[in-house]
Amino acid sequence: MRGAVAVTKSQCRVLVLNSKGGSGKTTISTNLASLLALRGSVLLADLDPQGSSLSWGKRRPEHLPRIDLIDDPERDFRGYPPSDYVVFDAPAGLKRGRLEDMLGEVEVLLVPIAPSPFDMDASQQYLQRLEEIKRFRKGKVRLGVIANRVKLRSQAERILTEFLQELELPLVATLHDSQIYVRAAMQGLGLADLRAAEARKELPQWARILRFVETGERYGA
Numbered sequence: 000m001r002g003a004v005a006v007t008k009s010q011c012r013v014l015v016l017n018s019k020g021g022s023g024k025t026t027i028s029t030n031l032a033s034l035l036a037l038r039g040s041v042l043l044a045d046l047d048p049q050g051s052s053l054s055w056g057k058r059r060p061e062h063l064p065r066i067d068l069i070d071d072p073e074r075d076f077r078g079y080p081p082s083d084y085v086v087f088d089a090p091a092g093l094k095r096g097r098l099e100d101m102l103g104e105v106e107v108l109l110v111p112i113a114p115s116p117f118d119m120d121a122s123q124q125y126l127q128r129l130e131e132i133k134r135f136r137k138g139k140v141r142l143g144v145i146a147n148r149v150k151l152r153s154q155a156e157r158i159l160t161e162f163l164q165e166l167e168l169p170l171v172a173t174l175h176d177s178q179i180y181v182r183a184a185m186q187g188l189g190l191a192d193l194r195a196a197e198a199r200k201e202l203p204q205w206a207r208i209l210r211f212v213e214t215g216e217r218y219g220a
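Next comes the structure, spelled out in structure tokens:
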């Protein structure tokens, strides 16, 4: 890591968060960081005591585009290296005070939701809590939902799509239930680091995520 410098307002700062564990926050965070590293300097801040993003970063080969890492389970947001992008990999089960603090540090909130009744129930309760937070309610943080680990043309995909439409949640992308993410994570890689032929099926969805992060635009919106 480089010398300690405070986070600046000019950065694009993204929080990846869901109240439920196992929703795919680290998968989203690490792959997003790998893609953003092709566009500028990236800091991946691991806020989860489990340290999964930090472990991923330690496995990352040195010849790949650099991603700075910081371990910040106490979430005090100090001493961050300067960078064009900051991706926060957040823990599950945050209390309201901590959630407010974290939303105060970002412009973009990405919420991965898996197509299971447990994930959808937990996500609905969590998103209702967000509406009580002033910064979010005033539109200072833009929310994007990512349907994660979805099997194409399955009943689960249909149910999740209907769930998101009913709640009028802004769906940004749909990531498929693919072993490519598992294989990449084991090597400290993201989709951006794989051969084009391997990542081809998923890259259009990630292009939508990148566009939302940088401009707020959604596909088909």
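First residue of the sequence shown: 0, per numbering that gives the first Met the number 0; consecutive thereafter.
Quick reminder that beta carbons are idealized off the backbone N, C-alpha and C, glycines included.
No experiment lies behind these values; they were computed from the predicted model shown.
Residue pairing of Tyr84 in beta bridges, as defined by DSSP: Cys11 and Val41.
Close CB contacts of Gln49 within its chain, under the 8 Å cut and outside five residues either way in sequence, are with Pro90 (chain order). Distance check between Ala172 and each of Val86, Ala36, Gly92 and Val212 places Val212 closest, using alpha-carbon atoms only. As far as DSSP is concerned, Ile208 takes part in no beta bridge. Closest in C-alpha terms to Gly78, from the list Ser51, Gly96, Val107 and Leu42, comes Leu42. With respect to the C-alpha of Glu99, the residue from Gln186, Ile132 and Phe117 having the closest C-alpha is Ile132.
Annotated as distal: Leu166 and Gln124, with beta-carbon spacing of 8 Å or more. Separation of the CB atoms of Asn30 and Trp205 is rounded to 7 Å, and the pair is thereby assigned contact status at 8 Å. Between Leu159 and Ile112, the gap from beta carbon to beta carbon is short of 8 Å. Remark: C-beta atoms of Leu174 and Val144 do not approach each other more closely than 8 Å. If you draw a 10 Å sphere on the C-beta of Arg207, you find 16 or more other C-beta atoms in it, and that means buried.
A straight-line Cα-Cα distance of about 20 Å links Gly39 and Glu216. Ser28 places its beta carbon less than 8 Å from that of Asp88. Judged by DSSP in its simplified three-state form, Asn147 adopts strand.
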